[in-house]
Amino acid sequence: MAVALAASLFLLFLAAPLVGLVGGGGVEGVRLLSSDAELRASLLLTIGTATFATLLGIIGATPVAYALARGRFRGRAIVAAMIDLPLLIPHPVAGIALLLVLGRNTALGSRLSALGLQITGSVTGIVCAMLFVSAPLYVSAAREALDRVDPRFEGVARTLGDSRWRALRRVTLPLAWRGLLAAAIVMWARAVSEFGAIVILVYHPRVASVLSYERFTAFGLKAALPVAAVLALIALIPLAALRALRGDDLLPRRRR
Amino acid sequence: MIGLERIHAKVGDFELEDISFEVPQGAYGIVIGPTGAGKTTLVEAIAGLVPVTRGRMVLGGTELTHASPEQRRLSIVYQHAYLFPHLSVRENVGYGSASSRVTVEMLERFGLGEVAGKNVRVLSGGERQLVAIARALARRPEVLLLDEPFAALDPRRRVTVRRELRTIYFERRFTVLQVTHDFHEAGLLGDIGVLLDRGRVLQVGKPEDLFRRPASPLVADFLGAENVFAGMAQPIRDEAPDWRAGADPADVEHAVAFTTGDITLYALGHVIPGPSHAVIRADDISLSRTAAASSVRNQFRATVVELAPAGAITRVTVDVSGIALVAAVTTRSAQELQLAKGVEVFAAFKATAVHLC
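Residue numbers (this note's numbering), protein chains in the order written: chain A, 107 to 362; chain B, 17 to 373.
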C-alpha cells in the first residue's frame, strides 16, 4: 500500500508539470505557430540543427559504438569513460569547455574562422553544442543495440565468405537497425531540448529553448509558456516513435 | 585436412593451450570433452573467429594461422543454428552458396523445398538446424566444423540428418571436425578422436582406442569406463609364447599381473613395473552362474550387490573380494541367470579387455 502510494506520488510529480505546461500553453503555442515568425524560425532552426547533429552523430559515433561493443582493445574502458563524461558534467560547463576549444580567440577557433567557419554565434556552433552533449547518448544506446546482436551471427557470415565490413552490412546492421534508430531518436530529442551548452556558445541565432528562456526573463511566464508548450509537444514525436519501435523484437535472446 | 601445431588461443579468462592434432584430408574428426573443456573455442579458433596467439595452423595444405575466416574455405554449424533471422530459408541457405544451383540442391536434399520461402523464425528447432547444415554445405567447404550440430534434434530426426550429412560427406569427402559429448556418436562417426579438457588435449587417437585404451584414469573416467582401479602392475616372467627375455617391458606388450586390493587381474600391456591403473569396460565383463571353461584369463567368484536395469541393458554391480566390479549384461540375460542381490556368480573377462594406463 505504502509502495503504491509512493509510486503514485512519484508519477504525479513527473506528470503534473508537463500536463500543466501543455494544458496551459499548448493551444496558444500551436496557434502562435502561424502568427509568430520568430517562434517558427526558432523551431525550424532547432529541428534542422538537431537533425544535422544527429546525422553527424550516426556517421561518427556508430563506428565508436561498434568498437566498444565488439572490440577488446587496450584503453577501451578509458574511451568508454571519455564518451560518458559529457553526460555527467553540467551542460553550461560543457558549453564553457567547447568555448575553450572552439572560441574565437582559441588556436582552433581562429583557424576555423579564417577558413570561414565561425563557431560561436553561428548555426555551426549550435550543431557543435548539440553534438557534444547528445552524441554520448547515441553511443551508449547504439552500443547496447549492437551488443544485443550475438557476434556469432557475424562469425557465421564471415565463415560463409563475408569480409568484416560485408558481414556488418548484411547481418549486424539489419539486426540492430531498430536499436540504432531508437538511439538516433534519443539523440535527436536530447539535441532539440539542449539549452545550457548552446546558450554559452551561441545566443544568437536562438534555438527554441533559448527563445523560451529569453521570453521568460524579458516578458515573464505568460509569454514563455506557449513556446515551452510547443517544445514539450515536439518531444512527444520521438516518444511515439520509440514506442512504435519497441513493438517488435527481431532478435532471439543472446547466447554465450 | 586440419593440422594444428601447439596452438594457443585466449577468450576472456579461458585459454586453449598447446593444442596439437591432425585430421587428414577427407577424414572425420571428433572432439570430445566435458562442458567447459574449450570445444567451441577450439572450433572457433580453427574458423579464425578466435585469434590464435601462438602456434601454427594448416587447413587444406595451406598455412592459415592468422588468415581471416573468409579466406579459410570452411563452414561452421553451431548447436543453436544461428540462422539470420531477417532472411528467409532460401536466403539463409544461399547466403554463402557456391551457386544458385547448389542452393536448390541443398534445399531439396534436406527436404526444405516447401519452407524455402518462409522466414526462419517460424521454423521448428529441428528445421532450423537442417537449414544451418544446408547453409554450411552450400558453401562447398573444404573443412566443415560442427559444434554439437545434432544436440537440438529429436532422436528420429537426428538419425535422418546424420545419415544425410554422412551421405554428402562420403560423396564429397571434405574434412570434418565435429564437437560432441555423445560417446556413442563419437564411436559411430569418427576416424580420429580428440579428447579435450580444460583447454588441453588429453588424448588423440582412433575413437575406439580412446575408449579401449584411455591414456589416463581421468580419460577413462570421463569416457564413462565404469571399472577403473588403482594398483600395482608387474610383467609376468613365464613360459608363455609371448615372453621375450631381455626386452624392455615398455617396448613389448607382455602378460601383466595387476594387483588391486586382494585380487590379481591378468592383462596385456607395455607396462613398466609399478603403480598403474586398470580400466575394464562394463560390456567386456560377462557373468555366469557356473565357472566357465574358456580361455578367459580373469574369472572371479562374486556376489551381486546391485542391479540397475535400463531398457535392454542391465548394469550389475558385483563384489569380488571387497572390490566392486560393474558388468553390463542384457536385461534378458540378467533374467535368465535369475540375478538378484546376494546371488553368487562368476565374473569373467579376457586379459585383452584389461587396459593398463
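For glycine and all other residues, C-beta sits at the position ideal for the given N, C-alpha and C. It should be emphasised that the depicted structure is a prediction, and the values quoted were computed from it without experimental measurement.
DSSP state of His371 of chain B mapped onto helix, strand, coil: strand
Helix or strand or just coil, what does DSSP make of Val118 of chain B? helix
Less than 8 Å between the C-beta atoms of Gly64 of chain B and Arg89 of chain B, yes or no? For Gly64 of chain B and Arg89 of chain B, no; Cβs fall outside 8 Å.
Is Ser91 of chain B close to chain A? Criterion is C-beta to C-beta, closer than 8 Å. yes
Phe126 of chain B CB to nearest chain A CB: under 8 Å? no
Starting from the C-beta of Leu243 of chain A, find all residues in its chain whose C-beta is less than 8 Å away, skip the five residues before and the five after it, and write them out in chain order. Leu193, Ala289, Val292, Met293, Arg296
So, at 8 Å on beta carbons, what are the nonlocal neighbours of Val207 of chain A in its own chain, with the 5 sequence-adjacent residues on each side left out? Leu214, Gly215
Would you kindly report the start and end of the unbroken beta strand (DSSP E) that includes Asp286 of chain B? In the sequence as presented, Asp is not what sits at residue 286 of chain B; that position holds His. Segment: none, His286 of chain B is in no beta strand (DSSP E) and carries neither H nor E.
Can you give the Cα-Cα distance for Gly277 of chain B and Glu187 of chain B, rounded to whole angstroms? 53 Å
I'd like to check one pair, Met248 of chain B with Gly285 of chain B: are the Cβ atoms closer than 8 Å? no
Threshold first: 4 residues or longer. Then list the alpha helix (DSSP H) segments lying entirely within the segment 159-231 of chain A, N to C. 182-194, 197-208, 213-220
For Val68 of chain B, which of B:Gly77, B:Thr57, B:Thr78 has the nearest alpha-carbon? Minimum Cα distance to Val68 of chain B is reached at B:Thr57.
Quickly, what does DSSP pair Pro101 of chain B with across the bridge? List them, please. Pro101 of chain B is not bridged to any residue.
Inter-residue spacing [alpha-carbon to alpha-carbon] between Phe116 of chain A and Val109 of chain A: 10 Å
With 16 other Cβ atoms within 10 Å as the buried cut-off, status of Asn108 of chain B: buried
At 8 Å on the CB atoms, spell out the chain A contacts of Pro171 of chain B, in chain order. Here the premise fails: no neighbours, minimum Cβ distance about 23 Å.
Strictly under 8 Å for the Cβ-Cβ distance: is Asp253 of chain A near chain B by that measure? So no, Asp253 of chain A is outside the interface.
Just the C-alpha distance for Val308 of chain A and Val27 of chain B, rounded to the nearest angstrom, thanks. 49 Å
Measuring only from the beta carbon, is Ala148 of chain B closer than 7 Å to any heavy atom that is part of the ligand GDP? Questions concerning the ligand GDP fall outside what the structure shown contains, since it holds no ligand whatsoever.
Restricting to Cα atoms, I'd like to know which of B:Glu124, B:Thr196, B:Val59 is closest to Ala168 of chain B. B:Thr196
Starting from the beta carbon of Gly267 of chain A, find every residue of chain B whose beta carbon is closer than 8 Å, and list them in chain order. Glu86, Gly112, Arg155
What residues are listed by DSSP as bridge partners for Met107 of chain A? Its beta-bridge partners do not exist; DSSP assigns none.
Let's test the definition: count the other Cβ atoms within 10 Å of the Cβ of Lys55 of chain B and tell me whether it reaches 16, buried, or not, exposed. buried
Along the segment 176-197 of chain A, where does the CB come closer than 7 Å to a CB of chain B? Name the residues. none
Between the alpha carbons of Leu123 of chain B and Ala132 of chain B, how many angstroms are there, rounded? Distance between the alpha carbons of Leu123 of chain B and Ala132 of chain B: 7 Å.
So does the segment 151-171 of chain B actually touch the segment 84-103 of chain B, counting three or more Cβ pairs closer than 8 Å? yes
How is Arg22 of chain B classed by DSSP in three states: helix, strand or coil? strand
Below 7 Å on C-beta distance, what does Tyr185 of chain B contact in chain A? The contacting residues do not exist; Tyr185 of chain B stays about 18 Å from chain A at best.
Pull up the CB-CB distance for Gly130 of chain A and Leu331 of chain A, whole angstroms please, since I reckon it's below 8 Å. 6 Å
Same chain, Cβ closer than 6 Å to Gly112 of chain B, neighbours up to 5 away in sequence not counted: Arg155
Does Ala63 of chain B get closer than 8 Å to chain A when you measure Cβ to Cβ? yes
Once the 5 residues before and after Leu149 of chain A are set aside, which same chain residues still bring their CB inside 6 Å of it? Ala314
Closest by C-alpha distance to Arg348 of chain B, when choosing among B:Ile329, B:Val359, B:Val336: Looking at the Cα atoms, B:Ile329 is the closest of the given residues.
Suppose the cutoff is 6 Å on Cβ atoms and the five residues either side in sequence are ignored; what does the same chain contact list for Phe238 of chain B look like? Nothing listed; no residue qualifies.
Per-residue burial, Phe190 of chain B [other beta carbons within 10 Å of its own, 16 or more giving buried]: Its Cβ being crowded by 16 or more others within 10 Å, Phe190 of chain B is buried.
How would you list, in chain order, the residues of chain B whose beta-carbon sits under 8 Å from the beta-carbon of Phe259 of chain A? What Phe259 of chain A touches in chain B: Tyr98, Phe100.
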